[in-house]
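K.L.:
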Amino acid sequence: MINIFEVNETNKMIEQEKLDVRTITLGISLLDCGDSDLNSLNHNIYDKITRLAKDLVSTGKEIELEYGIPIVNKRISVTPVALIAGKACTSPDDFVSIARTLDRAAQDMGVNFIGGYSAIVSKGMTHTDENLIRSIPKALSTTERVCSSVNIGSTKTGINMDAVKLMGQIVKETAEATKENNSLGCAKLVVFCNAPDDNPFMAGAFHGVSEADAVINVGVSGPGVVKHALEGVRGEDFEVLCETVKKTAFKVTRVGQLVAQAASVRLGIPFGIVDLSLAPTPSVGDSVAEILEEMGLESVGAPGTTAALALLNDQVKKGGVMASSFVGGLSGAFIPVSEDQGMIDAVNRGSLTIEKLEAMTCVCSVGLDMIAIPGNTPASTISGIIADEAAIGMINQKTTAVRLIPVVGKDVGDTVEFGGLLGYAPVQPVNKFSCSDFINRGGRIPAPIHSFRN
Numbered sequence: 002m003i004n005i006f007e008v009n010e011t012n013k014m015i016e017q018e019k020l021d022v023r024t025i026t027l028g029i030s031l032l033d034c035g036d037s038d039l040n041s042l043n044h045n046i047y048d049k050i051t052r053l054a055k056d057l058v059s060t061g062k063e064i065e066l067e068y069g070i071p072i073v074n075k076r077i078s079v080t081p082v083a084l085i086a087g088k089a090c091t092s093p094d095d096f097v098s099i100a101r102t103l104d105r106a107a108q109d110m111g112v113n114f115i116g117g118y119s120a121i122v123s124k125g126m127t128h129t130d131e132n133l134i135r136s137i138p139k140a141l142s143t144t145e146r147v148c149s150s151v152n153i154g155s156t157k158t159g160i161n162m163d164a165v166k167l168m169g170q171i172v173k174e175t176a177e178a179t180k181e182n183n184s185l186g187c188a189k190l191v192v193f194c195n196a197p198d199d200n201p202f203m204a205g206a207f208h209g210v211s212e213a214d215a216v217i218n219v220g221v222s223g224p225g226v227v228k229h230a231l232e233g234v235r236g237e238d239f240e241v242l243c244e245t246v247k248k249t250a251f252k253v254t255r256v257g258q259l260v261a262q263a264a265s266v267r268l269g270i271p272f273g274i275v276d277l278s279l280a281p282t283p284s285v286g287d288s289v290a291e292i293l294e295e296m297g298l299e300s301v302g303a304p305g306t307t308a309a310l311a312l313l314n315d316q317v318k319k320g321g322v323m324a325s326s327f328v329g330g331l332s333g334a335f336i337p338v339s340e341d342q343g344m345i346d347a348v349n350r351g352s353l354t355i356e357k358l359e360a361m362t363c364v365c366s367v368g369l370d371m372i373a374i375p376g377n378t379p380a381s382t383i384s385g386i387i388a389d390e391a392a393i394g395m396i397n398q399k400t401t402a403v404r405l406i407p408v409v410g411k412d413v414g415d416t417v418e419f420g421g422l423l424g425y426a427p428v429q430p431v432n433k434f435s436c437s438d439f440i441n442r443g444g445r446i447p448a449p450i451h452s453f454r455n
């Protein structure tokens, strides 16, 4: 049982080291909202979201005041829309109307993002899936709060290369559709391999079909807390380093467990999971990169970076899993460029490249995240990068993702402002050699041999 003493123990972390609960995410199943009439479908979706989420924001604020724990975001995730709209949506424009319904529901509930404008196409695409995917540029350019994700591969099914090719085109079209706002639509679009059903973090959150009708998932974050703890063990050996990260992750996760349980009781909705991820922000002192540099790297991207990140990711999991009844989501360390001041600095000083970031994704929670690239990058190159990340996820039986932003009108050396928690990013160079013949082959890359476990 969590007690108030444990909360008081974290006061210093909250006040001085930027500990917060990054999100309370209410997952809502829309499987019972299906209808062959588009107007009825939109009505059902809006009605269920607003009925279940009406007290989400106010409850989050009550918990903040009672325990003194900052809860940065209150968000909603829903069943992947492609799974519930097949009868009513016969064109991409039909799907856009659902995106606008989701946006209106999110606005009326006072949440900043709603996830689940999604399709699961890891083995093949239905006509409905393709219509949703082709609607994404318009959907994200005509809404403010909707987030979209597409799962294009898994360890069990392989990689759907037709979907990979299409997503390269969709990322480009989304960038063009939102070019007046620095191609910001791409910041709300994630391409996954092995996407989890219970991820509370945007832009990749959706409510999986294996979930209950509604659940509360919580994402905690404390990069500044971990860095501060490591400052006290400078020069110590790796055993001390690992124990320090593990113990700190335990304390951080207990805060998430407390908030999740409190929200569950007050909303009358089951507690799902706590996501242990260290999620940075652009604020100084809230950086995963600075943790790695505190371990002894001159700059993130230097030799040893991947090993340091592997250590951090593993110890966060080991510490956090003992602190919560249920752990899920992504749970590890995030390395988004635009959302981490230390990563931005490393890119600017030339120590961190996209190729090094790709190597780091082999051992961290996600993938190539919030990276600005030149606006004239070909769609096939984006598809190639997506395929590379998906291969890492498929072979290593882990989640990987790509959130690239080809900023229209920008080139290497420019800096792009996204605002808020999305931060800003220097435009990074991509490999200029073509992979179009590879991408254009079509079909599927088969699942790896170690996927057959029956």
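Going by our numbering, the letters in the sequence shown line up with residues 2 to 455, in that order.
We put the beta carbon where it would ideally sit given N, CA and C, even for glycine.
What would DSSP say about residue 117, mapped onto helix, strand or coil?
P.N.:
Here residue 117 carries a strand assignment [DSSP, helix/strand/coil].
K.L.:
Could you give the distance in angstroms between the alpha-carbon of residue 375 and the alpha-carbon of residue 189?
P.N.:
18 Å
K.L.:
Over what stretch of residues does the alpha helix (DSSP H) that includes residue 138 continue unbroken?
P.N.:
128–142
K.L.:
Helix or strand or just coil, what does DSSP make of residue 377?
P.N.:
coil
K.L.:
Within 7 Å: the Cβ of residue 414 and any heavy atom of the ligand FAD?
P.N.:
This structure simply doesn't include the ligand FAD, nor any ligand for that matter.
K.L.:
So residue 324 and residue 366 are supposed to be a Cβ contact under 8 Å. How far apart are they, rounded?
P.N.:
Between residue 366 and residue 324 the Cβ distance is about 17 Å, and since that is not below 8 Å, they are no contact.
K.L.:
Tell me the start and end of each unbroken alpha helix (DSSP H) in the stretch 144–178 that is at least 4 residues and wholly inside, in chain order.
P.N.:
162–178
K.L.:
List, from N- to C-terminal side, the beta strand (DSSP E) runs of 3 residues or more that fit wholly inside the stretch 166–237.
P.N.:
Whole beta strand (DSSP E) segments, 3+ residues: 190–194 and 215–222.
K.L.:
In the DSSP assignment, the beta strand (DSSP E) including residue 272 goes from what residue to what residue?
P.N.:
272–276
K.L.:
Under the rule that 16 or more other beta-carbon atoms within 10 Å means buried, what is residue 127, buried or exposed?
P.N.:
exposed
K.L.:
Quick check on the burial criterion: 16 or more other C-beta atoms within 10 angstroms. Buried or exposed for residue 302?
P.N.:
buried
K.L.:
What is the C-beta distance between residue 402 and residue 368, in whole angstroms, given that I count them as a contact (C-beta under 8 Å)?
P.N.:
4 Å
K.L.:
Alpha carbon to alpha carbon, how far is residue 455 from residue 32? Give it in angstroms, no decimals.
P.N.:
Each residue's alpha carbon lies about 30 Å from the other.
K.L.:
At what residues does the alpha helix (DSSP H) containing residue 63 begin and finish?
P.N.:
Its alpha helix (DSSP H) spans residues 57–68.
K.L.:
Based on the DSSP output, what are the partners of residue 26 in its beta bridges?
P.N.:
76 and 218
K.L.:
Just curious, the beta strand (DSSP E) that residue 404 is in, first and last residue?
P.N.:
Start and end: 401–408.
K.L.:
Just tell me which of 139, 382 and 363 has its CA closest to the CA of residue 436.
P.N.:
The shortest CA-to-CA distance from residue 436 to any of 139, 382 and 363 is the one to 382.
K.L.:
Mapping the DSSP letters down to three states, classify residue 418 as helix, strand or coil.
P.N.:
strand
K.L.:
In the DSSP assignment, find the unbroken beta strand (DSSP E) run with residue 426 in it and report its ends.
P.N.:
425–427
K.L.:
Cutting at 8 Å between CB atoms, please list the residues of its own chain near residue 249, excluding the five before and the five after it.
P.N.:
223, 226, 227, 230 and 320
K.L.:
Does the beta-carbon of residue 66 have 16 or more other beta-carbons within 10 angstroms, so that it is buried, or is it exposed?
P.N.:
Result: exposed.
K.L.:
Taking 8 Å as the CB-CB cut-off, is residue 190 touching chain C?
P.N.:
In the structure shown, chain C cannot be found, because there is only a single protein chain.
K.L.:
What is the rounded straight-line gap between the Cα of residue 131 and the Cα of residue 245?
P.N.:
47 Å
K.L.:
State yes or no: is the C-beta of residue 157 within less than 8 Å of the C-beta of residue 448?
P.N.:
yes
K.L.:
Would you check if the distance between the CB atom of residue 445 and the CB atom of residue 162 is smaller than 8 Å?
P.N.:
yes
K.L.:
In chain order, what residues of the same chain have a beta carbon less than 8 Å from the beta carbon of residue 442, not counting five sequence neighbours either side?
P.N.:
162
K.L.:
Only counting the same chain, and skipping five residues up and downstream in sequence, which positions put a Cβ closer than 8 Å to that of residue 177?
P.N.:
138, 184 and 409
K.L.:
Which partner residues does residue 279 have in the DSSP bridge list?
P.N.:
334
K.L.:
Kindly indicate which residue of 81, 358 and 142 has the alpha-carbon position closest to the one of residue 118.
P.N.:
81
K.L.:
Three or more C-beta pairs under 8 Å: does that hold for the stretch 90–110 against the stretch 40–49?
P.N.:
yes
K.L.:
Can you name the residues that DSSP bridges to residue 301?
P.N.:
None; residue 301 has no bridge partner.
K.L.:
How is residue 52 classed by DSSP in three states: helix, strand or coil?
P.N.:
helix
K.L.:
What first and last residue would you give for the alpha helix (DSSP H) that runs through residue 85?
P.N.:
It is not in any alpha helix (DSSP H) - residue 85 carries neither H nor E in the DSSP assignment.
K.L.:
Going along the chain, which residues of its own chain have a beta-carbon closer than 7 Å to the beta-carbon of residue 279, five neighbours each way excluded?
P.N.:
222, 223, 224, 227, 289, 317, 334 and 335
K.L.:
Taking the alpha helix (DSSP H) that residue 98 falls in, what are its first and last residues?
P.N.:
93–110
K.L.:
Take the Cβ of residue 88 as the centre, count every other Cβ of all protein chains shown within 10 Å, and call the residue buried at 16 or more, exposed below.
P.N.:
exposed
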